[in-house]
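Chains as they are written, first to last, in the working numbering: chain R, 505 to 619; chain V, 1350 to 1457. Backbone N, C-alpha and C fix where the C-beta goes; we use that ideal spot for every residue, glycine too. Please read all numbers here as calculations on a predicted model, not as lab measurements.
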Amino acid sequence: DAGVIQSPRHEVTEMGQEVTLRCKPISGHDYLFWYRQTMMRGLELLIYFNNNVPIDDSGMPEDRFSAKMPNASFSTLKIQPSEPRDSAVYFCASTRWWGGSDTQYFGPGTRLTVL
Amino acid sequence: ELKVEQNPLFLSMQEGKNYTIYCNYSTTSDRLYWYRQDPGKSLESLFVLLSNGAVKQEGRLMASLDTKARLSTLHITAAVHDLSATYFCAVDGNQFYFGTGTSLTVIP
């Protein structure tokens, strides 16, 4: 398997623009996670899905952020409108089972810069 | 709000030495995770600790969990340069929180 795939790897946009980050989990994994990493706030869990259904979105910072998982092989994280403080590295991860001992596998991340 | 504190934040150690990284958390939880991150890279899952007294080992790393003390440790045995990285713990309580990370540098 190719592992967790994220695109784009780098995104530079201007404040106010819509940004869409994409993630393809490992086939057969039922759980998908979106994380954000910044120098100021460290690592944060934004949202996670089980079988394409959002389970916990309490980490989503604002209504400007939304995440979807239309099928088992694709998820998006959208920011609209984007702001400079959204600049961060966004990671996607997947695992077969959450709450057990299964390993999470992380994608390479998307580095977002909002000017 | 759940707080997860790691110490030390920075650790420089010589190859061959042993050391322990500590992860304290402020709320009841039976699930604790350890991750590794190389500079400029993504995260790698190291250990999942699911109950009080759980101990996991992989190579030169051993993690343990004491839920009563709300403490997890990551012990490094006979450090080698390849272990240089930042190590994060994370706790799954009412919410999921990461620690601040411990930046480990192993000096030859």
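The beta carbon of A576 (chain R) is closer than 7 Å to those of N556 in its chain, skipping five residues each way along the sequence. Close CB contacts of T524 (chain R) within its chain, under the 6 Å cut and outside five residues either way in sequence, are with T580, K582 (chain order). Taking a Cβ-Cβ threshold of 9 Å, none of the residues of chain R is close to L1453 (chain V); the smallest such distance is about 16 Å. Where Q1444 (chain V) is concerned, there is no enclosing beta strand (DSSP E), because DSSP gives it neither an H nor an E. Using a CB distance cut-off of 9 Å, G1365 (chain V) does not count as an interface residue toward chain R. Here the alpha carbon of T1451 (chain V) sits roughly 27 Å from the alpha carbon of Y535 (chain R). Taking 8 Å as the upper bound on Cβ-Cβ separation, chain V lies near residues G603, G604, S605, D606, T607, Q608, Y609, F610, G611, P612, G613 of the stretch 603-616 of chain R.
If you draw a straight line from the Cα of T617 (chain R) to the Cα of K1405 (chain V), it is about 38 Å long.
In the structure shown, R513 (chain R) falls within a coil segment according to DSSP collapsed to helix, strand and coil. Within the same chain, V523, L525, T614, R615, L616, T617 come within 8 Å of E515 (chain R) by CB-CB distance, once the 5 residues on both sides are set aside.
Proximity of the stretch 1377-1384 of chain V to the stretch 1438-1448 of chain V meets the contact definition, three or more beta-carbon pairs being nearer than 8 Å. Within the same chain, E1364, V1455, P1457 come within 7 Å of H1430 (chain V) by CB-CB distance, once the 5 residues on both sides are set aside. Collapsing the DSSP output to three states places D534 (chain R) in coil. Under the criterion of beta carbons closer than 8 Å, S1394 (chain V) and T607 (chain R) qualify as touching, at roughly 5 Å.
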